[in-house]
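Below you'll find the structure, written out as structure tokens, and then a few comments.
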Amino acid sequence: MNKKDKNNKFITKDILKSSIKGAFTKLNPKYMVKNPVMFVVEIGFIITLVLSIFPNLFGHEDVNFNIRVYNIIVTIILFITVLFANFAESVAEGRGKAQAESMKKTRKDTKAKLLNEDGTFTIVSSSEIKKGDIVLVEVGDMIPNDGVVIEGLASVDESAITGESAPVMKEAGGDFSSVTGGTRVVSDRLKVEITAVPGESFLDKMISLVEGAQRQKTPNEIALTTLLVSLTIIFLIVIVTLYPMSIYSKVQIPVSTLVALLVCLIPTTIGGLLSAIGIAGMDRVTRFNVIAMSGKAVEACGDVDTMILDKTGTITFGNRMASEFIPVKGHNQEEIMNYAVISSIKDETPEGRSVVELGQKMNFKIDKEGYKDLNFIEFTAQTRMSGLDFEDGRRVRKGAAEAVKNFVKESGGNIPEDLDEIVNKISKLGGTPLVVALDNEIYGVIYLKDTVKPGLVERFERLRKMGIKTIMCTGDNPLTAETIAKEAGVDDFIPECKPEDKIEVIKREQCQGKIVAMTGDGTNDAPALAQADVGIAMNSGTTAAKEAANMVDLDSDPTKILEVVEIGKQLLITRGSLTTFSIANDVAKYFAIIPAMFSLAIPQMNVLNIMRLDSPISAILSALIFNALIIPALIPIAMRGVKYRPMRSEALLRRNLLIYGLGGIIVPFIGIKIIDLIISPLLISLTF
Numbered sequence: 011m012n013k014k015d016k017n018n019k020f021i022t023k024d025i026l027k028s029s030i031k032g033a034f035t036k037l038n039p040k041y042m043v044k045n046p047v048m049f050v051v052e053i054g055f056i057i058t059l060v061l062s063i064f065p066n067l068f069g070h071e072d073v074n075f076n077i078r079v080y081n082i083i084v085t086i087i088l089f090i091t092v093l094f095a096n097f098a099e100s101v102a103e104g105r106g107k108a109q110a111e112s113m114k115k116t117r118k119d120t121k122a123k124l125l126n127e128d129g130t131f132t133i134v135s136s137s138e139i140k141k142g143d144i145v146l147v148e149v150g151d152m153i154p155n156d157g158v159v160i161e162g163l164a165s166v167d168e169s170a171i172t173g174e175s176a177p178v179m180k181e182a183g184g185d186f187s188s189v190t191g192g193t194r195v196v197s198d199r200l201k202v203e204i205t206a207v208p209g210e211s212f213l214d215k216m217i218s219l220v221e222g223a224q225r226q227k228t229p230n231e232i233a234l235t236t237l238l239v240s241l242t243i244i245f246l247i248v249i250v251t252l253y254p255m256s257i258y259s260k261v262q263i264p265v266s267t268l269v270a271l272l273v274c275l276i277p278t279t280i281g282g283l284l285s286a287i288g289i290a291g292m293d294r295v296t297r298f299n300v301i302a303m304s305g306k307a308v309e310a311c312g313d314v315d316t317m318i319l320d321k322t323g324t325i326t327f328g329n330r331m332a333s334e335f336i337p338v339k340g341h342n343q344e345e346i347m348n349y350a351v352i353s354s355i356k357d358e359t360p361e362g363r364s365v366v367e368l369g370q371k372m373n374f375k376i377d378k379e380g381y382k383d384l385n386f387i388e389f390t391a392q393t394r395m396s397g398l399d400f401e402d403g404r405r406v407r408k409g410a411a412e413a414v415k416n417f418v419k420e421s422g423g424n425i426p427e428d429l430d431e432i433v434n435k436i437s438k439l440g441g442t443p444l445v446v447a448l449d450n451e452i453y454g455v456i457y458l459k460d461t462v463k464p465g466l467v468e469r470f471e472r473l474r475k476m477g478i479k480t481i482m483c484t485g486d487n488p489l490t491a492e493t494i495a496k497e498a499g500v501d502d503f504i505p506e507c508k509p510e511d512k513i514e515v516i517k518r519e520q521c522q523g524k525i526v527a528m529t530g531d532g533t534n535d536a537p538a539l540a541q542a543d544v545g546i547a548m549n550s551g552t553t554a555a556k557e558a559a560n561m562v563d564l565d566s567d568p569t570k571i572l573e574v575v576e577i578g579k580q581l582l583i584t585r586g587s588l589t590t591f592s593i594a595n596d597v598a599k600y601f602a603i604i605p606a607m608f609s610l611a612i613p614q615m616n617v618l619n620i621m622r623l624d625s626p627i628s629a630i631l632s633a634l635i636f637n638a639l640i641i642p643a644l645i646p647i648a649m650r651g652v653k654y655r656p657m658r659s660e661a662l663l664r665r666n667l668l669i670y671g672l673g674g675i676i677v678p679f680i681g682i683k684i685i686d687l688i689i690s691p692l693l694i695s696l697t698f
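First residue of the sequence shown? That's 11 in our numbering, and the numbers climb one at a time after it.
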């Protein structure tokens with residue numbers, strides 16, 4: 011699943027072909043009954059089809075037009091209406107199935123090295139591997155199934171699963187020991203204990219979830235379906251009573267006209283698109299490289315009130331980077347910057363590179379070529395220092411305060427009286443102080459701190475506009491936590507946070523009736539992920555975390571929870587907007603059909619004929635044609651979703667009522683009038 015796929019057209023030739031086929035396949039009443047609104051339309055189609063063959067089935071209908079031809083036209087339009095609704099759902103399903111097919115290509119029956127008790131291995135088929143088996147995977151080998159690294163350290167290419175080309179490090183123990191079947195080892199070797207049986211790997215589950223577009227309806231969908239069924243029953247009762255009323259008032263109304271009226275007045279637009287909207291919502295999350303375990307999880311994202319975020323890796327980079335050069339008394343910033351950069355010029359650690367980058371940002375010029383032949387002293391757990399040895403015997407070092415102080419003392423130097431004060435101040439802020447010295451003289455301190463990711467302040471402000479509260483969890487002391495929280499712009503923070511504290515804050519928010527989301531990757535995060543309404547586990551994390559969550563981020567990007575929440579809100583807004591549009595355009599169809607039906611017998615009804623349609627027949631057929639055409643016209647919106655803008659719910663409601671409520675009334679007036687002008691000349695042959 012490549013990231014470039016995210017920007018593809020919402021429909022391809024292959025999806026179009028399968029969707030057309032699916033539209034006809036879904037005509038089976040056993041399937042249609044799952045969509046009550048469109049099932050009513052299909053029943054209407056069957057009734058008018060019978061009337062096309064037996065036009066006088068309900069008695070002689072003394073009308074001044076060719077009733078058989080009229081019934082046939084109504085039948086064709088109703089048939090197309092049902093096909094369009096089925097087509098919309100098939101398009102949404104087709105996108106998921108296309109993704110599943112690309113995933114299946116990565117699932118191959120490969121060979122695996124099954125370890126024996128004596129340390130040797132036997133080559134077996136990956137399909138023969140059982141849960142609990144231990145396999146050896148070396149450079150170029152594909153990991154046969156999901157498992158946990160029990161020995162070794164290696165780079166693993168997960169591009170087949172995540173679409174990311176950069177390999178990730180996997181090692182025994184910790185939160186990065188989980189490996190996924192179908193990924194490939196690109197360096198070193200690993201011993202892996204298999205944790206899933208064939209057919210139940212994470213990749214298999216992904217394929218099943220993506221391919222299984224015909225998923226269970228979510229609570230919101232069930233509630234909306236209940237509303238649509240209620241409206242359909244109400245209009246059905248109204249239409250059924252119209253027939254005896256018309257006979258009593260001696261107004262001849264063909265049964266096919268009553269069917270057309272029913273189909274136009276019931277919420278067919280949202281009825282035809284409802285399932286497609288839900289499937290497309292899950293599809294958008296999947297194309298964002300997040301696998302949702304259910305549609306309910308996606309919907310819950312749209313209702314999130316509180317977001318729990320880990321500091322490290324989510325709000326901050328997780329790697330402490332140089333942020334300031336602080337000189338001790340007797341030296342200036344240029345001197346400390348000079349020796350700090352020199353000590354780091356050959357240091358390839360993230361911290362070392364950040365020191366050089368900070369110097370460059372401060373316009374410090376240094377000739378790297380002049381130092382390339384010098385001996386670099388790497389950091390070790392024993393020395394806790396790194397640096398360079400000059401050819402003339404001088405030694406520049408940076409490292410832990412105590413280590414550098416001992417280095418200076420051994421060289422016969424003195425410790426600056428303000429050094430401990432600077433070091434303690436940085437430590438209290440949660441930073442890491444690196445002391446810099448040249449031989450027996452200390453020049454100052456490098457302040458390393460966990461840097462807040464750029465753009466988060468703006469993103470948290472967007473969440474605030476949505477009414478979402480953000481809470482940062484960190485193991486830092488209160489002073490450091492407060493500093494990071496202010497810099498990032500979160501609403502609240504929990505310092506010195508333990509796993510049980512996360513569960514406590516989630517429960518506290520839920521007791522207030524709030525929907526809570528959080529991310530995690532470790533085994534200790536599993537209980538909190540399970541407790542949260544929306545739990546997003548990192549694919550690089552442990553099996554326990556992924557099993558506890560209801561979403562898995564294949565890219566292992568903790569900040570993605572922000573986008574996933576927006577996708578969830580977009581799903582709810584799309585469903586609400588198109589429901590508003592569907593119900594609103596029924597008003598316009600009312601003004602098109604009702605006056606047309608009764609205007610001949612009740613001339614006073616012409617007052618309501620504000621659309622001035624050509625004839626009763628053209629009015630009914632124009633409304634029915636518009637009712638059919640609006641479904642495919644709205645498929646792109648259902649697939650891509652209504653564009654979401656962060657705002658309060660009241661403002662959002664006003665905006666949607668203005669655009670989709672008012673628009674739902676205006677568009678049918680225009681559309682029906684245009685169709686009436688087009689078909690009126692063609693309907694002359696219907697009259698006697």
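Glycine included, C-beta positions come from ideal geometry on N, C-alpha and C.
Fair warning: this is a prediction, and the values are worked out from it, not measured in the lab.
Start and end of the alpha helix (DSSP H) containing residue 665? Residue 665 -> alpha helix (DSSP H) spans 659 to 666.
Three-state secondary structure assigned by DSSP to residue 101: In the three-state reduction of the DSSP assignment, residue 101 falls in the helix class, which pools H, G and I.
Any idea if residue 575 is buried or exposed, counting beta-carbon neighbours within 10 angstroms, 16 or more meaning buried? So residue 575 counts as buried.
Please specify which runs of the beta strand (DSSP E), each continuous and at least 3 residues long, are wholly inside the region 257 to 291, giving them in chain order. If we require 3 residues or more, the region 257 to 291 turns out to have no beta strand (DSSP E) run fully inside it.
Assuming residue 651 contacts residue 590 (C-beta within less than 8 angstroms), just tell me the rounded distance between them. Contact doesn't hold; Cβ gap of about 15 angstroms is too wide.
Taking 8 angstroms as the cut-off, decide whether the C-beta atoms of residue 641 and residue 283 are in contact. Yes. Within cutoff.
For residue 404, which three-state DSSP category applies? Correct three-state label for residue 404: coil.
Going by DSSP, name the residue or residues bridged to residue 144. DSSP lists 203 as partners of residue 144.
Touching or not, the region 361 to 373 and the region 323 to 337, by the rule of three or more beta carbon pairs under 8 angstroms? The region 361 to 373 vs the region 323 to 337: in contact.
Quick one: using the 10 Å Cβ neighbour count with 16 as the cut-off for buried, is residue 191 buried or exposed? Under this definition residue 191 is a buried residue.
Over the uninterrupted beta strand (DSSP E) stretch that includes residue 561, give me the two end residues. Per DSSP, the continuous beta strand (DSSP E) segment holding residue 561 begins and ends at 561 to 563.
Residue 570 versus 600, 599 and 527, residue with shortest Cα-Cα distance: The shortest C-alpha to C-alpha distance from residue 570 to any of 600, 599 and 527 is the one to 527.
Report buried or exposed for residue 359, applying the criterion of at least 16 other Cβ atoms within 10 angstroms of its Cβ. So residue 359 counts as exposed.
C-alpha distance - residue 85 paired with residue 249, whole-angstrom precision: The C-alpha of residue 85 lies about 18 angstroms from the C-alpha of residue 249.
Determine the closest residue to residue 624 out of 275, 498 and 603, with distance taken between C-alpha atoms. Nearest C-alpha to residue 624: 603.
Between residue 481 and residue 316, which are expected to be in contact by the criterion C-beta below 8 angstroms, what is the C-beta distance as a whole number of angstroms? Right, the Cβ-Cβ distance comes to about 7 angstroms (below 8 angstroms), so this counts as a contact.
When we look at the beta-carbon of residue 128 and count the other beta-carbons within 10 Å, is it buried (16 or more) or exposed? Around the CB of residue 128, fewer than 16 other CB atoms lie within 10 Å, so the residue is classed as exposed.
Check each candidate in 164, 659, 588 and 464 and name the one with the smallest Cα separation from residue 312. Considering only alpha carbons, the answer is 659.
Select from 448, 459, 52 and 541 the residue whose C-alpha is nearest the C-alpha of residue 326. If we check each option's Cα against that of residue 326, 459 comes out closest.
Please tell me whether residue 257 and residue 592 are closer than 8 angstroms, where the distance is taken between their beta carbons. When the beta-carbon positions are compared, residue 257 and residue 592 stay at least 8 angstroms from each other.
Bounding residues of the beta strand (DSSP E) (the contiguous stretch that carries residue 131): 131 to 135 is the span of the beta strand (DSSP E), which, as asked, contains residue 131.
Measuring straight from C-alpha to C-alpha, what distance separates residue 314 and residue 489? Cα to Cα, residue 314 sits roughly 29 angstroms from residue 489.
Going by C-alpha to C-alpha distance, which of 320, 407 and 101 sits closest to residue 491? Minimum Cα distance to residue 491 is reached at 320.
Are the CB atoms of residue 32 and residue 103 nearer to each other than 8 angstroms? Going by C-beta atoms, residue 32 is nearer than 8 angstroms to residue 103.
In chain order, each alpha helix (DSSP H) run of at least 4 residues that lies wholly inside the region 456 to 490: 466 to 476, all fully within the region 456 to 490.
Give the C-beta separation of residue 423 and residue 451 to the nearest angstrom, bearing in mind that I take them to be a contact with Cβ-Cβ under 8 angstroms. Contact holds; Cβ gap of about 6 angstroms.
Own chain, CB closer than 8 angstroms to residue 298, minus 5 neighbours either side, in chain order: When the five nearest sequence neighbours on each side are left out, the beta carbons in the same chain lying within less than 8 angstroms of the beta carbon of residue 298 are those of 16, 570, 573, 574 and 577, in order along the chain.
For residue 223, count neighbouring C-beta atoms within 10 Å of its own C-beta (all shown protein chains included) and say buried if the count is 16 or more, exposed if not. Note that residue 223 scores a pLDDT of 43, beneath 50, so its modelled location is shaky and nothing firm can be said.
Taking 6 angstroms as the limit between beta carbons, can you name the residues of its chain near residue 331, skipping five residues before and five after? For residue 331, the CB contacts under 6 angstroms within the same chain, skipping 5 residues up- and downstream, are 364 and 461 in chain order.
Is the beta carbon of residue 242 sitting closer than 8 angstroms to the one on residue 50? Yes, Cβ-Cβ distance for residue 242 and residue 50 is below 8 angstroms.
Going by Cα to Cα distance, which pick from 253, 409 and 340 is closest to residue 361? The option with the nearest alpha carbon to residue 361 is 409.
Inter-stretch contact at 8 angstroms, needing at least 3 Cβ pairs: the region 337 to 357 / the region 378 to 385: Judged by Cβ distances under 8 angstroms, the region 337 to 357 makes contact with the region 378 to 385, as three or more pairs qualify.
Could you give the DSSP three-state label for residue 224: helix, strand or coil? With a pLDDT of only 44 at residue 224, under 50, the local geometry of the prediction cannot be trusted, and no value is derived from it.
Sorted by chain position, which residues of the same chain lie with C-beta nearer than 6 angstroms to residue 349's C-beta, five sequence neighbours on each side aside? Excluding residues up to 5 positions away in sequence, 406, 446, 448 and 453 lie with their Cβ nearer than 6 angstroms to the Cβ of residue 349 in the same chain.
Could you tell me which whole alpha helix (DSSP H) segments of length 4 or greater appear in the region 356 to 429? As far as the region 356 to 429 is concerned, its whole alpha helix (DSSP H) runs of at least 4 residues are 360 to 371 and 411 to 420.
Through-space distance from residue 420 to residue 394, alpha-carbon basis: Taking the straight line joining both Cα atoms gives about 15 angstroms.
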